[in-house]
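Visitor:
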Amino acid sequence: MMNSRREVWPLPIRLVLPIALGLIGCIAAQANGQLGGASYPGTGYRLTMPSFYEGEYGDALDGFRSAARSGLRSSQGRWVDSVCYHTMMGECFYHMGQLPQALEQYTVSLNLFMVNKDFLQRVKFAAVPIPKRRPIRPTITWGTTTRVSEPGDYSDSMPTMFGNFNAEQALQQGGIVAPPEFRNVDVVEILRCTALAMSRRRELLGPACQHDPLTTTLLAALGNRPGPVNHWSQTWVTVLLGMAEASAGHAPEAAALLQSSLVIGGRFDHPLTGLALLELGRLSYEQGQHAAALVLFLEASYAAAEYQQPDVMDEALRLGLASFLANGGNGAFPPLAPAAVWATRVKYRQLQASLLTSVAENLVAMRDAAGATRAIAAARQSMARSPMAVGEVGARLHFQNAINNFQLGNAAPGNASLTNAMTFQRHASRWLFHIVVADQLVTGGAITTHTADELYEFLLREPTTSDWTTNTWEALAVTLVPHVLPYEHWLEIAASRRDADRCLEIADALRRHRFYSSLPAGGRLLALRWLL
534 MMNSRREVWP
544 LPIRLVLPIA
554 LGLIGCIAAQ
564 ANGQLGGASY
574 PGTGYRLTMP
584 SFYEGEYGDA
594 LDGFRSAARS
604 GLRSSQGRWV
614 DSVCYHTMMG
624 ECFYHMGQLP
634 QALEQYTVSL
644 NLFMVNKDFL
654 QRVKFAAVPI
664 PKRRPIRPTI
674 TWGTTTRVSE
684 PGDYSDSMPT
694 MFGNFNAEQA
704 LQQGGIVAPP
714 EFRNVDVVEI
724 LRCTALAMSR
734 RRELLGPACQ
744 HDPLTTTLLA
754 ALGNRPGPVN
764 HWSQTWVTVL
774 LGMAEASAGH
784 APEAAALLQS
794 SLVIGGRFDH
804 PLTGLALLEL
814 GRLSYEQGQH
824 AAALVLFLEA
834 SYAAAEYQQP
844 DVMDEALRLG
854 LASFLANGGN
864 GAFPPLAPAA
874 VWATRVKYRQ
884 LQASLLTSVA
894 ENLVAMRDAA
904 GATRAIAAAR
914 QSMARSPMAV
924 GEVGARLHFQ
934 NAINNFQLGN
944 AAPGNASLTN
954 AMTFQRHASR
964 WLFHIVVADQ
974 LVTGGAITTH
984 TADELYEFLL
994 REPTTSDWTT
1004 NTWEALAVTL
1014 VPHVLPYEHW
1024 LEIAASRRDA
1034 DRCLEIADAL
1044 RRHRFYSSLP
1054 AGGRLLALRW
1064 LL
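Residue numbering for the sequence shown follows the working numbering, starting at 534 and increasing by one per position.
1) Identify the residues that DSSP records as bridge partners of GLY610: which are they?
2) Out of TRP1006, VAL656, ILE968, ALA825, which has the shortest C-alpha to C-alpha gap to VAL762?
3) Using a Cβ distance threshold of 8 Å, determine whether the region 794–802 contacts the region 749–764, with at least three qualifying pairs required.
4) What separation, rounded to the nearest whole angstrom, lies between the Cα atoms of MET731 and ALA779?
5) For ASP1034, does the three-state DSSP call read helix, strand or coil?
6) If ALA873 and LEU889 are in contact, beta carbons under 8 Å, what's the gap, nearest whole angstrom?
7) Taking C-alpha atoms, which residue in CYS1036, GLU1007, ALA949, GLY947 lies nearest to GLU990?
8) Locate the alpha helix (DSSP H) running through VAL641, then write down its first and last residues.
9) Ignore the nearest five residues each way along the sequence and tell me which others in ALA836's own chain have a CB closer than 7 Å to its CB.
10) Quick one: what's got a C-beta closer than 8 Å to ARG1047's C-beta in the same chain, skipping five residues either side?
11) Pick from ALA935, ASN937, ARG913: whose alpha carbon is nearest that of GLY927?
12) In or out: SER794 buried (at least 16 other Cβ within 10 Å) or exposed?
13) Any Cβ of chain B within less than 8 Å of the Cβ of PHE1048?
14) Compute the Euclidean distance between the alpha carbons of GLY591 and GLU624, then round it to the nearest angstrom.
15) Residue ranges of each alpha helix (DSSP H) run of no fewer than 4 residues wholly in the region 911–955, ordered along the chain?
16) Taking the continuous beta strand (DSSP E) assigned at GLY760, which residues delimit it?
17) DSSP three-state call for ASP847: helix, strand or coil?
18) Which residues bound the beta strand (DSSP E) around VAL718?
19) Assuming PHE597 and MET629 make a contact with CB atoms under 8 Å, what is their CB distance in whole Å?
20) Give every residue of the same chain whose Cβ lies closer than 6 Å to the Cβ of VAL616, excluding the five residues on either side of it in the sequence, and list them in chain order.
21) Output yes or no for whether 8 Å exceeds the beta carbon distance between VAL975 and ALA985.
22) Can you tell which of ALA833, SER999, GLN654 has its C-alpha closest to the C-alpha of ILE673?
23) State the Cα-Cα distance for the pair TYR840 and GLY604, rounded to the nearest angstrom.
24) State buried or exposed for GLY924, treating a residue as buried only when at least 16 other CB atoms are found within 10 Å of its CB.
25) DSSP has TYR573 in a bridge; who is on the other side?
26) Report buried or exposed for GLN842, applying the criterion of at least 16 other Cβ atoms within 10 angstroms of its Cβ.
27) If GLY756 sits next to LEU774, beta carbons under 8 Å apart, how far is it from one beta carbon to the other, in whole angstroms?
28) Would you mind giving the Cβ-Cβ distance between HIS823 and ALA787, rounded to the nearest angstrom? I have them listed as a contact below 8 Å.
29) Are the CB atoms of ASN934 and ILE968 within a distance shorter than 8 Å?
30) Roughly how far, in whole angstroms, is the beta-carbon of ASP686 from the beta-carbon of ARG716, given that I think they are within contact range, below 8 Å?
31) Going by DSSP, what residue range makes up the alpha helix (DSSP H) through PHE830?
32) Pull the bridge partners of GLU589 from the DSSP assignment, please.
33) Considering Cα atoms alone, identify which of ASP1032, LEU988, PRO759, ASP1034 is closest to GLN743.
34) What does the Cβ neighbour count give for ASN895, buried or exposed, with the cut at 16 atoms within 10 Å?
35) From HIS1022 to ARG606, what does the alpha carbon distance come to, in whole angstroms?
36) Taking a contact to mean a Cβ-Cβ separation below 8 Å, would you say ASP745 touches TYR573 in this structure?
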């Protein structure tokens, strides 16, 4: 008689494992039938989005915080739907000029994505995308796309496996047994927020982003192409990988990936198309290719309108104006006025206020004082009794009002508006924040002295003609606001390398910065007197 071998498991595993495995047999039937229950991100998140698009950032921040408390939790902690809550909390801080808080939320968001980076493997996707039933392209009034594509239709609720398949391992290692089940998940929104968090983080960290450890981690993870192999959803992974390459400072690789991610199946636009076009525009703009950037920004605005993304529209048209002016454009930037009318008609209040501010900027550049005055009044009215008035849009409007008053010879109101704009910029300037972040990397020992020297040389430069032309209020902020400590750290690095000539250069730059930052207008008036 043969001896039968019986595998002996610990009693809890023998009791629980058959139950856990038995649940898996029901999953396919559950997915193919009507999947009831809540969808994630939840109802609270969806109900908060209109407040965000209205520019009610305080209410929106409270709403996203509340929604986060109802997010899914797995055995590993918060699940991937929390990417959305934290990204949008970051957006609220971002638009109010609270950059450290915004960066913190984007970082939390991307760390949560990393914990759940394989979640696309668990999604039950539709077979293939289909054309969007009611495309809004005929109603776009500020231009016409030249791209040969059509908007695709994508579900905002896809069955996604949630829970732990490996119940035996969880029980043996003392983990939590979470029987696998399908949950309705807005996969597109999660990926949109992931891409947005990556783009914002690159913007806020500036040149230090490529030296940040999270950038390296994201690039490695996305380079492994998480998600179903040879599936149309890989297009969305390509968007994220393109964002990661841009964050790492690999502009050519990023541009190639983002360009290839614009359509699915060679035919359909998707909800990340606008963000990908916007990032392509940024890359072109950063390389001084202003004509190409302008085309990309306009295309981003069309794609964003198709998928009801007024925030992307706003940035695309605002940067489109910057590209138009940097490329030597004269007169009115044609898309702005009709886009502002469109935003008013569809009741996107924040977009309306921002576009009216851009109209004012365009008219100020044209030296049309009367037209600029009317546009400033309209923009001010559009953000009345709104947090926008004390946020980034309001500060931009103050700056344009200052220039317009100076052009009219009204020094007192011009100085008052300039003071308001620069008060905001003291804590919200991107350039100043880049200096702070880089200085923290250096003092924390996260980068080599050679890299530190390169970062300081770039970030602590005196504003160039290009800086003054393309980003005047950033150039003015970095001139007006004292930031002596990074110069001293830079000098310490040169001294530690026994580079006497470099020490003299840095010491001279430090003295100049101390002197000019103590003068009205950062020494611009003194420079003008010397010139005359």
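Ideal Cβ placement from N, Cα and C applies to all residues, glycine included.
Guide: Result, derived from the coordinates:
1) Beta-bridge annotation (DSSP): GLY610 is paired with SER607.
2) Of the candidates TRP1006, VAL656, ILE968, ALA825, the one whose C-alpha sits nearest the C-alpha of VAL762 is VAL656.
3) With fewer than three CB-CB distances shorter than 8 Å, the region 794–802 does not count as touching the region 749–764.
4) Distance between the alpha carbons of MET731 and ALA779 is about 9 Å.
5) For ASP1034, the three-state secondary structure derived from DSSP is helix.
6) With a Cβ gap of about 5 Å, ALA873 and LEU889 count as contacting.
7) In this structure, CYS1036 is the residue among CYS1036, GLU1007, ALA949, GLY947 with its C-alpha nearest to the C-alpha of GLU990.
8) From DSSP, the alpha helix (DSSP H) with VAL641 extends over 632–648.
9) Cβ neighbours of ALA836 beyond the five flanking positions: ASP802, THR806, GLY807, LEU810.
10) Non-local C-beta neighbours of ARG1047 in its own chain, meaning closer than 8 Å and more than five positions away in sequence, comprise PRO1015, VAL1017, ordered along the chain.
11) Selected option, being the one with the closest Cα: ARG913.
12) It is buried - the Cβ of SER794 has at least 16 other Cβ atoms within 10 Å.
13) The chain inventory of the structure shown lacks chain B, comprising one protein chain alone.
14) GLY591 and GLU624: Cα-Cα distance of roughly 11 Å.
15) List check, alpha helix (DSSP H) in window: 925–941.
16) That residue, GLY760, is in no beta strand (DSSP E); it is neither H nor E in DSSP.
17) DSSP, read as helix, strand or coil, puts ASP847 in helix.
18) Counting along the chain, the beta strand (DSSP E) containing VAL718 begins and ends at 714–718.
19) Not a contact, Cβ separation roughly 13 Å.
20) Apart from the 5 residues on each side of it in sequence, VAL616 sits with its Cβ closer than 6 Å to the Cβ of SER642, LEU645, PHE646, ILE723, CYS726, THR727 in its chain, given in chain order.
21) Closer than 8 Å, so yes.
22) Residue ALA833 holds the alpha-carbon nearest to the alpha-carbon of ILE673 among ALA833, SER999, GLN654.
23) Answer to the nearest angstrom: the Cα atoms are 24 Å apart.
24) Here GLY924 is buried: its Cβ has 16 or more other Cβ atoms, across all protein chains shown, within 10 Å.
25) Beta bridge pairing from DSSP links TYR573 with VAL718.
26) Classification of GLN842: buried, given that the 10 Å Cβ count is 16 or more.
27) Between GLY756 and LEU774 the beta-carbon gap is near 7 Å, inside 8 Å, which marks them as a contact.
28) That pair is no contact at about 18 Å.
29) No, these two residues do not count as a Cβ contact at 8 Å.
30) Rounded, the Cβ-Cβ distance is 22 Å, inconsistent with contact.
31) Under the DSSP assignment, PHE830 falls in the alpha helix (DSSP H) whose first and last residues are 823–839.
32) DSSP output for GLU589 lists no bridge partner at all.
33) Nearest C-alpha to GLN743: LEU988.
34) By the Cβ neighbour-count rule, ASN895 is buried, with 16 or more other Cβ atoms within 10 Å of its own.
35) In a straight line, the C-alpha of HIS1022 is about 44 Å away from that of ARG606.
36) No, Cβ-Cβ distance for ASP745 and TYR573 is not below 8 Å.
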